[in-house]
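**Q**
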Amino acid sequence: MHNIAINGEPVIAREGATILEAARKVGVRIPTLCFLKERSGVASCRVCVVEVEGEPYPVPACATPVRDGMEITTDSPKLAAYRKMALELILSSKGAALASLACEEGAEATELSKLCCELGVQVPADVDGTDALPVVEGNPFLSYDPNLCIECQRCVGACNAAARNHSLQSRMRGSHVLIDAPFGADWRATDCESCGNCAQACPTGALSLKSRRRSEAPVETPAGVQDAEARFVRTTCPHCGVGCQLELEVRDGRIVGARGAQGASNRSLLCVKGRSASYDFVSSPDRLTSPLVRSPETGELEPATWDEALDVVASRFTALRDECGGESIAAFACSRSTNEDVYLFQKMARTALRSNNIDSCARV
Amino acid sequence: MTNSIDDIVEHADVIMLVGSNPEEAHPVIGMRIRQAVERGCRLIVVDPRRIGLASKADIHLRVRPGTNVAFANGMVNLLISLGLADDEFVRERTEGFRIMQAQVEEFTADYVARTCGIAVQDLVSAAKMYGTARHAAILYCLGVTEHTTGTDGVMALSNIAMVTGNLGKPGSGMNPLRGQNNVQGACDMGAGPDDYPGYQKVWDPKVRAKFEQTWGVELPDWAGTKATECFPAMLEGKIKGLYLFGEDPVRTDPDTSHVLKSLAALDFFVVQDLFLTETAKLADVVLPGRCYAEKEGTFTNTERRVQRVRKAVEGPEGSRLDTEIFTEVMNRMGYVQPKLSGAELMDEIATLTPTYGGISHARLDGEAFDRGLQWPCTDAHHPGTPIMHISSFSGSVGAFSTPDFIRSAELPDDEYPFVLMTGRVLYQYNACAMTGRTPGTSEIAGDSFIEINTCDAGALGITDGERIRVSSRRGTVETTARVSSKTNPGETWMPFHFQDGNANWLTHAALDRVSKAPEYKVCAIKIEKLQ
């Protein structure tokens, strides 16, 4: 353990902790950009710099381990100027597309634009780069716009240090760092699993889910439901048994996206099904919206009221139960539904249908 | 799972993955296994196919489909003869060792290698690697259970873990990767003919009395029929009515023609679902329910971890909460059931189910928000159980079992010369009711196919991508050939997701004698060029 001081307050920090970890632990916020917990820590952006007593220059908090007796300042006019300049340098090396993105505010704001706002960054009038690089978008779910990329390496960490897929790499061309995103026309020949953990890590939207664009198209929303901003609802993925925690993004009464949350089994990771195929079906136009009862006349399933349908169900099962016994009825529960649903379903089978012929799809 | 995913990823020295392709069927566990391997954990893959993780494995045993019991008995025999058994664990924690030892002696390395179609030295290396590890975890999936000898396969694998003391400690254990999101929970909740919630037996008079008292009604005391056995019972007229909640057996159960005939024989058939599925089209009444994003509840994952499901949006107008529908049916059939919220239902579950005794929505929304609660969780202060059997087994000592090796129910012959296995692909889930409604998934994986070995395809004059006819004794489908060395010669593999060329027209409804799971992983087929 180390005794240190953060902004004059005494703090006890774990051996080997970085300044950023120690500060976060006691609730002191240091702005970050290229750092992402359990993903990436290349210490390249200089946004998380802090002052350490006795050091001639500010040091990156994400990569500097604490030492006993360290006196750290996380906020000062000097640091504010330093951070602002660091961010302006990042922006000025790119083209107009990134500069205009950095100005965005409101619900669509990226992490980068929020940070620009926080640090009072003026988007440079003159930018060096052009927006001439082609967008890579062969993958049905994911695309990469290099013109918005600030080479922060968070996606590289997400693919290599978290998803361990190793299909997204960074490489050098001359003095430039390039992100080699496996979403080109030949993406199927790569090991990419379309999991999108890279897009979740991206602070600028250079790597993004194509569904985000789809959701911007005007859609019919349920009457009377209007959210000023997106809501995020923490829940559990409905597909396989891993139990990944995800946050459904809800806008105007519709789910428009999903992102990984820090669950015990998934550690913020999601697969392609959890991220991209866990909500379209919810608002699918072919959802059933009325009970159907087979007509004795036509032999077809026809819409009925709930009262009619429930009466048919109850009277037919009651007749079977009373005439042939509960043994003549079976009930199969759904292994995709909730514990509460399944509990009540088997209770119904045993108490109302009076049958122990109750099972789930566990075997099939 | 006896252990937890994090625990295995962080602490296992060896992972033995048997009949499981997590990179496709449990993709985030696939990522986490890659993480363990990159940390230095050794990986043994036991699978007939060259699955993705095989390329990261230290040893890949491509056992013949249906020979898991021979493989596991051979491993146990080797572990004992190489002196790698944990004598203290065997003495203190288990019973039946001598009888088991006498039985596995017949499973010599030579015999097992011949039976399973693997090299003796690979089997010996696997036994040494697993047996010398301080923490060795077995992960297994449907490649073990979906056989007529599935239960034997699980018991034989358990012997490997028990004989080496790899239970009740970090980074070890017997870890089934459960299929659907809440198949663990559905079993926990009493959706099984022998069990009330928490695996309390329906034939135990004390247990039944407890449920009768709480539910206020006399309960049936006879043994129920498992779902896979209900289909023949429908044909025999023993089962006349079926209430099917959220399943699509026309697509997912084995031997589709048999399923169709059985459902047609019913007097009355109710389906409750989100969509008009292939099965719902056959029902007398279809009731529109609500999906996971429209209700409050919980799922229990493969680690026994109970986690919250929260309502994000309203359901479509005209649909109803599933619990409301059941409540209506119960009341209309004369059982008085008050309308309860998800949280109130969990409270009722907790009062009746000792292993869920300490679980409530309030706890899962509060202190256990990030980690959920792993059962057994017996009271409101119990932290949950990340690793089971730490100081003792639930039945006090672990009993070795003595499963013998029995071949699959239907083996290849001259007429049907190939083995067919079925399974899942990354981009779809089961009958695609959910995943198939996202455009990109079907663009990448939207059609049925069959994997065939290059040598077999060459002999039949079939090329990669060619449309071909595949038949078993039960049916015929047309599908697309994928020619590679992913499957061994004589072996083929199909996904069961796709309605065009659905593999379940071919599969065999032969059942495991205990679990009654069908043998999806072995049936005999023939392959023909289209004329």
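Protein sequences, first through last, are from chains A and B. Residue 1 is where the first sequence starts when you use the working numbering, and the numbers rise one by one after that. Residue 1 is where the second sequence starts when you use the working numbering, and the numbers rise one by one after that. Quick reminder that beta carbons are idealized off the backbone N, C-alpha and C, glycines included.
Would you tell me roughly how many angstroms separate the C-alpha atoms of L91 of chain A and E151 of chain A, rounded to the nearest one?
**A** 11 angstroms
**Q** Could you name each continuous beta strand (DSSP E) segment of 3 residues or more that falls completely within the segment 92-156 of chain A, going from the start of the chain to the end?
**A** Within the segment 92-156 of chain A, the runs of beta strand (DSSP E) that reach at least 3 residues and sit entirely inside it are, in chain order, 142-144.
**Q** Bridge partners of L411 of chain B, per DSSP?
**A** Note: L411 of chain B sits in no beta bridge, so no partner.
**Q** Please report how far the alpha carbon of T64 of chain A lies from the alpha carbon of T18 of chain A, in whole angstroms.
**A** In a straight line, the C-alpha of T64 of chain A is about 5 angstroms away from that of T18 of chain A.
**Q** Could you tell me if V270 of chain B is buried or exposed, where buried requires 16 or more neighbouring beta carbons within 10 angstroms of its beta carbon?
**A** buried
**Q** For A309 of chain A, which residues in the same chain have their Cβ closer than 8 angstroms to its Cβ, ignoring the five residues on either side in sequence?
**A** Excluding residues within five positions, the ones whose Cβ falls inside 8 angstroms are P291, L292 and V293.
**Q** Quick check on N159 of chain B - is its C-beta less than 8 angstroms from some C-beta in chain A?
**A** no
**Q** If distances are taken between C-alpha atoms only, which option among A:N7, A:K94, A:I329 and A:L87 comes closest to C45 of chain A?
**A** A:L87
**Q** For P140 of chain A and S442 of chain B, I'd like the C-alpha separation in whole angstroms.
**A** Rounded to the nearest angstrom, the two C-alpha atoms are 10 angstroms apart.
**Q** Between V233 of chain A and L61 of chain B, what straight-line distance do the alpha-carbon atoms span, to the nearest angstrom?
**A** 43 angstroms
**Q** Cβ closer than 7 angstroms: which chain A residues qualify as neighbours of S408 of chain B?
**A** In chain order: nothing, as chain A lies at least about 17 angstroms away.
**Q** In chain order, what residues of the same chain lie with their CB nearer than 7 angstroms to the CB of T67 of chain B, ignoring the 5 residues before and after it?
**A** T115 and C116
**Q** Consider the Cβ of P31 of chain A: report whether some Cβ of chain B lies at a distance smaller than 8 angstroms.
**A** no
**Q** Just tell me which of A:A61, A:G274, A:V121 and A:L133 has its CA closest to the CA of G260 of chain A.
**A** A:G274
**Q** In the DSSP output, which residue or residues are listed as bridge partners for R557 of chain B?
**A** Within the shown structure, residues of chain B are numbered from 1 to 531, placing residue 557 of chain B beyond reach of any answer.
**Q** Rounded to whole angstroms, what is the Cα-Cα separation between L274 of chain B and R290 of chain B?
**A** 6 angstroms
**Q** So that I know if they touch, is there some Cβ in chain A lying closer than 8 angstroms to that of L260 of chain B?
**A** no
**Q** Assign M31 of chain B to one of two classes, buried (16 or more other C-beta atoms within 10 Å of its C-beta) or exposed (fewer than that).
**A** Buried.
**Q** Going by DSSP, what residue range makes up the alpha helix (DSSP H) through K210 of chain B?
**A** P205 to W215
**Q** Within the continuous beta strand (DSSP E) that includes C324 of chain A, where are the two ends?
**A** Where C324 of chain A is concerned, there is no enclosing beta strand (DSSP E), although the alpha helix (DSSP H) it sits in stretches over W306 to C324.
**Q** Name the one or two DSSP bridge partners that D180 of chain A has.
**A** A:Q169
**Q** Quick one: measure Cβ to Cβ for G257 of chain A and G243 of chain A, integer angstroms, because I've assumed they're closer than 8 angstroms.
**A** In fact, because the Cβ distance is near 20 angstroms, the residues do not count as touching under 8 angstroms.
**Q** Could you give the distance in angstroms between the alpha-carbon of K25 of chain A and the alpha-carbon of I12 of chain A?
**A** 10 angstroms
**Q** Count the other C-beta atoms from every protein chain shown that fall within 10 angstroms of the C-beta of D87 of chain B, then say buried if there are 16 or more, exposed otherwise.
**A** Exposed, since its Cβ has fewer than 16 Cβ neighbours within 10 Å.
**Q** Determine the chain A residues that contact N301 of chain B at a beta-carbon separation under 7 angstroms, and present them in chain order.
**A** G241, V242, G243 and S265
**Q** Using a Cβ-Cβ cut-off of 6 angstroms (strictly less than) and excluding sequence neighbours within five positions of P403 of chain B, which residues of its own chain qualify?
**A** V69, D152, M155 and A156
**Q** Are V9 of chain B and A36 of chain B closer than 8 angstroms when you measure CB to CB?
**A** yes
**Q** Whose C-beta lies closer than 7 angstroms to the C-beta of I29 of chain B among residues of the same chain, with five residues either side of it excluded?
**A** I5, P22 and L177
**Q** Check the Cβ of S284 of chain A against every Cβ in chain B and list those closer than 7 angstroms, keeping chain order.
**A** R437
**Q** Once you ignore the five residues that flank S170 of chain A on each side, which residues in its own chain have a CB closer than 8 angstroms to its CB?
**A** E151, Q153, V156, V177, L178, I179 and D180
**Q** Give the C-beta separation of L53 of chain B and A127 of chain B to the nearest angstrom, bearing in mind that I take them to be a contact with Cβ-Cβ under 8 angstroms.
**A** The pair is not a contact, with the Cβ atoms about 20 angstroms apart (cut-off 8 angstroms).
**Q** Kindly indicate which three-state DSSP category A283 of chain B falls into: helix, strand or coil?
**A** coil
**Q** Tell me the DSSP secondary structure of D267 of chain B in three-state form.
**A** coil
**Q** Assuming G192 of chain B contacts P354 of chain B (C-beta within less than 8 angstroms), just tell me the rounded distance between them.
**A** So it is not a contact: roughly 17 angstroms between Cβ atoms.
**Q** Is the shortest distance between the beta-carbon of Q346 of chain A and the beta-carbons of chain B less than 8 angstroms?
**A** Chain B contact via Cβ: present.
**Q** Compare the Cα-Cα distances from A109 of chain B to each of B:T94, B:L82, B:R93 and B:E451 and report the closest residue.
**A** B:L82
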